[in-house]
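What follows is a set of notes on a single structure, which appears directly below.
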Amino acid sequence: MHIAEGFLPPAHAAGWAALALPFVAVGLGSIKRILRQHPERKPLLGVAGAYAFVLSALKLPSVTGSSSHPTGVGIGALLVGPAAMSVLGMVVLLFQALLLAHGGLSTLGANVISMAVVGPGVAFAVFRLLRSWSFPTAVFLSAALGNLATYLTTATQLALAFPDPHSGWIGAFAKFAGIYALTQVPLAVGEGVLSVLMVNVLLAHNAPQLRGLSEGGKLA
Amino acid sequence: MRMQNLSLLLVLVGLVSLSLWWPARQGADGFAGTDGQATEEIARLRPEYEPWIQPLWQPPGAEVESLLFAVQAALGAGLLGYFLGVMRERNKDAES
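As you go down the protein sequences, you meet chains A and B in turn.
All residue numbers for the first sequence refer to my numbering, where the first residue is 1373 and numbers rise by one.
All residue numbers for the second sequence refer to my numbering, where the first residue is 467 and numbers rise by one.
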């Protein structure tokens, strides 16, 4: 989901950056609020950021013979809220753009939208929707669908910038989604499984900070 | 809970193993990254497109790149362990 440096035309790059800006601004406010109102949740912010940092460093093989990334932003969305994740996700993306030439500064806005806004947003919504029905399933599906949503967003962004000369942007979307989606399904399942594992560990050792996650109360 | 975690871990190992074994059996090799494939697709759709800005800095070679990815994972894992430990200790203090 890292659109490489320079691989969105300037107008598109600027548009996505402008769209990402308010999310990051709201995210900064949300982090400040967490630190002020719930100082005991400070380490949770660290856990959310560090988890995304680890997972997005892993390039995993998929049954399609390609490899791709988990995003690791789903759990953070449950722990500290999707708004805060837009900032933490951006930090991860900045690190990779500057040090690894993975993604880029010009495409940072577009990549923030896919990995740090849409992914956590979908993860949070799915979790909220399914939590009362089955907690582990909600955790699993929120991470898995958040991961897939990120990659479908990237495919949309590329299709809008590079429509197929014959079949328009729908044809281009089919091509880009074809590259990402199939490869991503097993990785999304993997990220879902790992998330359940991670939440189990968190609940076992850090229950007081997570009160609300499993009881249906409001988190962050 | 312990059994559930163990079986989840086994599912993960199985998933990665299957992903390594099955494509190789089908004759695929290399496990090309999807981000790179998307860039190639752009070149097919718009052959005249040139990236208008280059990365400020690029890792010189695959070896250095893998080093930096390892550094990222290590930093992340270290911080993750630290923050989990901080919470665990605080909760212990609160109990006692």
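C-beta: ideal position from N, C-alpha, C; glycine also.
Since this is a predicted model, take the numbers as computed values, not measurements.
- As a beta-bridge residue in DSSP terms, B:A498 pairs with A:S1438.
- Selection A:L1569, A:T1528, A:K1414 and A:Q1409 evaluated against A:A1515 yields A:L1569 as nearest (Cα-Cα).
- Residues of the segment 476-489 of chain B with a C-beta atom less than 8 Å from some C-beta of chain A are V477, L478, L481, V482, L484, S485, L486, W488 and P489, listed in chain order.
- Note that the segment 1419-1428 of chain A touches the segment 1448-1456 of chain A; at least 3 beta-carbon pairs, one per stretch, sit closer than 8 Å.
- Nearest to A:T1522 by C-alpha distance, out of A:A1533, A:L1430, A:P1442 and A:V1571, is A:P1442.
- Interface flag for B:G542 against chain A is set, since a Cβ pair is found closer than 8 Å.
- One finds L511 in chain B with Cβ atoms closer than 8 Å to the Cβ of A:A1544, taken in chain order.
- A:N1519: member of the alpha helix (DSSP H) spanning F1507 to A1533, first to last residue.
- When C-beta distances to chain A are compared with 9 Å, the residues of the segment 520-548 of chain B below that value are Q520, P521, L522, W523, Q524, P525, E531, L534, F535, A536, V537, Q538, A539, A540, L541, G542, A543, G544, L545, L546, G547 and Y548, in chain order.
- For A:D1536, the pairing in a beta bridge is given by DSSP as A:G1540.
- Collapsing the DSSP output to three states places A:L1432 in a strand.
- Using a CB distance below 7 Å, the part of the segment 1501-1534 of chain A facing chain B consists of L1530 and F1534, ordered along the chain.
- Any Cβ of chain A closer than 8 Å to the Cβ of B:M469 would place that residue at the interface, and such an atom is absent.
- For A:G1540, same chain residues with a beta-carbon under 6 Å away, outside a window of 5 residues either side, do not exist.
- Taking a contact to require three or more Cβ pairs closer than 8 Å, the segment 1471-1483 of chain A and the segment 518-535 of chain B qualify as touching.
- Take A:I1403, set aside five residues on each side of it, and the residues of its chain with a beta-carbon closer than 7 Å to its own are L1417, A1456 and V1459, in chain order.
- For A:H1384, the enclosing alpha helix (DSSP H) begins and ends at P1382 to Q1409.
- Contacts with chain B at 8 Å (Cβ-Cβ) include A:T1555.
- Rounded to whole angstroms, A:V1489 and A:A1392 show a C-alpha spacing of 8 Å.
- Annotation: A:A1488 is outside any alpha helix (DSSP H) and is labelled neither H nor E by DSSP.
- In the structure shown, B:I519 falls within a coil segment according to DSSP collapsed to helix, strand and coil.
- The continuous alpha helix (DSSP H) containing B:R491 extends over residues R468 to R491.
- A Cβ-Cβ distance of about 6 Å is found for the pair A:L1517 and A:V1494, placing them in contact under the 8 Å criterion.
- Listed in chain order, the non-local C-beta contacts of A:G1481 below 6 Å within the same chain comprise W1388, A1389 and A1392, local neighbours out to five positions each way being set aside.
- Residue state for B:N557 is assigned as helix, using DSSP reduced to three classes.
- Here B:A504 is near A:I1551, since their CB atoms are less than 8 Å apart.
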